[in-house]
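Protein chains: 2
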Amino acid sequence: MTEMLASARQQRILDALREREQVRVTSLAAELGVSEMTVRRDLNALAERGALVKVHGGATLDAAPTSSEPGFTHKLALESGEKQAIAQAAVKLIKPGMSIALNSGTTTYALASQCTGIKDLTVVTNSPRIAEIFYAAANPSQNIILTGGIRTVSDALVGPLALSALGQLHVDVLFLGVHGMTSEDGFTTPNMLEAQTNQAFIKAAARQIIVADHTKWGVTGLCQIVPLSQVDALITGPRLDEEAKVLLRQALDTLILA
Amino acid sequence: MTEMLASARQQRILDALREREQVRVTSLAAELGVSEMTVRRDLNALAERGALVKVHGGATLDAAPTSSEPGFTHKLALESGEKQAIAQAAVKLIKPGMSIALNSGTTTYALASQCTGIKDLTVVTNSPRIAEIFYAAANPSQNIILTGGIRTVSDALVGPLALSALGQLHVDVLFLGVHGMTSEDGFTTPNMLEAQTNQAFIKAAARQIIVADHTKWGVTGLCQIVPLSQVDALITGPRLDEEAKVLLRQALDTLILA
DNA sequence: TGCCTTCTGATAGAATTTGATCGGAATTGT
DNA sequence: ACAATTCCGATCAAATTCTATCAGAAGGCA
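Residue numbers (this note's numbering), protein chains in the order written: chain A, 12 to 269; chain B, 12 to 269.
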């Protein structure tokens, strides 16, 4: 067999995955005629783009083992102490009568859980799961607006409808969860459509506040949302690198350590 | 049989659980070809994520439907024989590759439950709950579009965003659930905003099919959606008044008795 | 050609998964 | 209540898999 380009090899991995649902490192190495190390590197690259999810021994298409398990995300978000602390710091900035926006993410999910009691709050979100929190709380003074669109695996509504909806709206404050942030690449996410939607969120808000735990620092997703300097504030945990703190304070007006 | 990935094994445990309601450690170990210890570990992992509940000797699905009442409506819609029959008749009209729209309602909810297996289906809906059915099924060939908006008590997204979204879309067939229908007042619903949204649904569809059980006949809601003659077909139950059947056949092209 | 970057393969050590065993806990039958 | 049985969790050893690191190969560029 002739040598294969790396991109072609990764494409074949995705093809095999779509066909078999599960692929194993050892069998891929044999089929593609490359070492297991190379297969692992391909899987890592694909996983970083969100094209697949790595599991022990191989990879799978959809991580969600249970279809639609609110309990899973629920616990994931709420059991993390840092996310809770960040949410707590964020909720202090929200006053009755305000309008806020929340994109899809576990940190914003944690924040939403703490907002159900706030009076006369208007919430714009592209996450059905976050909307569900408010629906369940049924606070009659609150106004919950769900953008339309198609749903990504990470529970975000994206696409033309989401963009069009966000283009019609304006909120006081946006709380934006991100997947990665670095000095060079700014705030990033692995999904291109989500990046586009998040940009629309930023345009729709008078103030932009990023919420991200310290593990997001140094991570670069596929797609940039905005450079660091384009947002007003960042709320993160205290365990952040000292060097990162310095860099962030240079780029941002406000850095809040929850 | 080749070795199975751990994640695949856990997926099969969940599949078995959905099918049988109860699974035993011993039988799972035999079926999956692994030791009981491994099964226990899998059950622990799944239980920690809330995907199932462990019981002595095995595991079961979470019995207590958490706080929110999707289970309630779920049963309400699916336990009604007539709604099921109507949905069954409706699903026969849907072919792979089509695009359909479903407004919010218990009958359309029942219909959605029967559509998750259809290939290359595009679904437009303003009901987060109906969207959730498709998300849970996670059929990769299907395209689920949720209109935006604010949610009414009957789980419909309405308002400017919903109208704007529907204005941008066109589908082959609309299945519309209604609250009332009479010869004089046409199809009606008690909520003005939903009526408006339903009108947008009708505009967005090449064919309009009403799905409504026989109890809807003679009921007039606050707000008219359209006169009887403005839609292409009605699917209802056979227990409808003879007089109503005559009137409906006059007004409509097609009357289907499920 | 020589240098540099990128990709690939090999190796070793760390981490994860699995199965077996055993003491203790829960369930069942009498 | 008591004993027998079944089931569960902890622990350890073996096997597999993962990550990190280094060295060689391939290709671009002056």
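Even for Gly, the Cβ is constructed at its ideal location relative to N, Cα and C.
Meets three-Cβ-pair contact criterion under 8 angstroms: the segment 129-136 of chain A and the segment 146-156 of chain A
Below 8 angstroms, enough C-beta pairs join the segment 129-136 of chain A and the segment 146-156 of chain A to call them touching: three or more.
Can you confirm whether the segment 51-63 of chain B touches the segment 216-227 of chain B when touching is taken to mean that 3 or more C-beta pairs between the two stretches lie within less than 8 angstroms?
Not touching, per the Cβ criterion.
Do L172 (chain A) and Q207 (chain B) have their beta-carbon atoms positioned less than 8 angstroms apart in this structure?
No, they are not a contact pair.
Can you tell me whether D26 (chain B) is buried or exposed, with buried defined as 16 or more other CB within 10 angstroms of its CB?
D26 (chain B) sits exposed, since fewer than 16 C-beta atoms from the chains shown fall within 10 Å of its C-beta.
Cβ-based neighbour list, V34 (chain B), same chain, cut-off 7 angstroms, excluding 5 preceding and 5 following:
For V34 (chain B), the CB contacts under 7 angstroms within the same chain, skipping 5 residues up- and downstream, are I24, A27, L28, G69 and A70 in chain order.
Quick one: grab the DSSP three-state call for M192 (chain A).
Strand, per DSSP.
Where the segment 24-45 of chain B meets chain A: residues whose CB sits under 7 angstroms from a CB there
Listed by position, the residues of the segment 24-45 of chain B near chain A (Cβ gap below 7 angstroms) are L25.
Cα-Cα separation, N202 (chain B) to C234 (chain B):
Their Cα atoms are separated by approximately 7 angstroms.
Measure from the alpha carbon of W228 (chain A) to the alpha carbon of each residue in A:S194, A:D243, A:D166 and A:A269, then state which is nearest.
Answer by Cα proximity: A:S194.
Buried/exposed call for E253 (chain B), threshold 16 Cβ in 10 Å:
Exposure of E253 (chain B) is indicated by the presence of fewer than 16 other C-beta atoms within 10 angstroms of its C-beta.
Proximal chain B residues relative to R162 (chain A), where beta-carbon distance stays under 8 angstroms:
Correct list: A142, Y146, I155 and L157.
Start and end of the beta strand (DSSP E) containing A244 (chain B)?
Unbroken beta strand (DSSP E) run through A244 (chain B): A244 to T247.
Mind checking M48 (chain B): buried by the 16 CB within 10 Å criterion, or exposed?
Taking all protein chains shown into account, M48 (chain B) has fewer than 16 neighbouring C-beta atoms within 10 Å of its C-beta and is therefore exposed.
With a CB to CB cut of under 7 angstroms and the five nearest residues on each side skipped, what residues in its chain are close to T163 (chain A)?
So the qualifying residues of the chain are V169, N202, L204 and E205.
Write down the C-beta distance between I221 (chain B) and V242 (chain B) rounded to the nearest angstrom, noting that I regard them as a contact closer than 8 angstroms.
6 angstroms between Cβ atoms; contact.
Measure from the alpha carbon of V66 (chain A) to the alpha carbon of each residue in B:L57, B:D53, B:T158 and B:A19, then state which is nearest.
The residue with the shortest Cα to Cα distance from V66 (chain A) is B:A19.
Residue from B:E32, B:S110, B:A17 and B:A40 whose Cα sits closest to the Cα of F212 (chain B)
Ranking B:E32, B:S110, B:A17 and B:A40 by Cα distance to F212 (chain B) puts B:S110 first.
Given a threshold of 16 other Cβ atoms within 10 Å of its Cβ, counted over all protein chains shown, does Q261 (chain A) qualify as buried or as exposed?
Exposed: under 16 other Cβ atoms inside 10 Å.
Determine, using beta carbons only, whether A112 (chain A) and P139 (chain B) come nearer to each other than 8 angstroms.
When the beta-carbon positions are compared, A112 (chain A) and P139 (chain B) stay at least 8 angstroms from each other.
How would you label D264 (chain B), buried or exposed, when you count the other beta carbons within 10 angstroms and need 16 or more for buried?
Classification of D264 (chain B): exposed, given that the 10 Å Cβ count is below 16.
Express the C-alpha separation of L43 (chain A) and G159 (chain B) in angstroms, rounding to a whole number.
Taking C-alpha positions only, G159 (chain B) is separated from L43 (chain A) by approximately 45 angstroms.
For A223 (chain A) and T247 (chain A), believed in contact at Cβ under 8 angstroms, the rounded distance
Rounded to whole angstroms, the Cβ separation of T247 (chain A) and A223 (chain A) is 5 angstroms, and the two are in contact under 8 angstroms.
Tell me, which residues are paired with F198 (chain B) by DSSP?
According to DSSP, F198 (chain B) bridges with B:M192 and B:V237.
Using CA atoms only, rank isn't needed, just tell me which of A:V182, A:Q210 and A:H225 is closest to K106 (chain A).
Among A:V182, A:Q210 and A:H225, the Cα nearest to that of K106 (chain A) belongs to A:V182.
Drop a sphere of 10 angstroms on the beta-carbon of S165 (chain A), count the other beta-carbons inside from all chains shown, and report buried for 16 or more, exposed for fewer.
Taking all protein chains shown into account, S165 (chain A) has 16 or more neighbouring C-beta atoms within 10 Å of its C-beta and is therefore buried.
With DSSP run on the structure shown, which of helix, strand or coil describes N55 (chain A)?
N55 (chain A): helix per DSSP, three-state reduction.
So what does I97 (chain A) bridge to, in DSSP terms?
DSSP lists no partner for I97 (chain A).
Is the beta carbon of F186 (chain A) closer than 8 angstroms to that of A96 (chain A)?
In this structure, the beta-carbon distance from A96 (chain A) to F186 (chain A) does not fall below 8 angstroms.
Taking Q179 (chain A) as the query, report the chain B residues whose CB atoms sit under 8 angstroms from its CB, ordered along the chain.
Those within 8 angstroms of Q179 (chain A) in chain B are P171, L172 and S175.
Going by beta-carbon coordinates alone, are H225 (chain B) and L251 (chain B) separated by less than 8 angstroms?
Result yes, Cβ atoms of H225 (chain B) and L251 (chain B) sit closer than 8 angstroms.
Bridge-paired residues (DSSP) for K65 (chain B)
Answer is B:A70.
Give the straight-line distance between the Cα atoms of P76 (chain B) and Y146 (chain A), rounded to the nearest whole angstrom.
Any reading at P76 (chain B) needs caution, since the residue's pLDDT is 37, under 50, leaving its predicted position unreliable; the model's value is listed next. P76 (chain B) and Y146 (chain A) have their alpha carbons spaced roughly 16 angstroms apart.
Examine chain B for any beta-carbon lying closer than 8 angstroms to the beta-carbon of L89 (chain A), and answer yes or no.
Summary for L89 (chain A): the model assigns pLDDT 45, below 50, so the residue's position carries little reliability, and this model does not support an answer.
Measure from the C-beta of H190 (chain A) to each C-beta in chain B and report whether the shortest distance is under 8 angstroms.
So no, H190 (chain A) is outside the interface.
Secondary structure of L251 (chain B), DSSP reduced to three states
When secondary structure is reduced to three states using DSSP, L251 (chain B) falls in the coil class, being assigned neither helix nor strand.
Pick from A:S115, A:L104, A:N114 and A:A98: whose alpha carbon is nearest that of S124 (chain A)?
Ranking the options by Cα distance to S124 (chain A), first place goes to A:A98.
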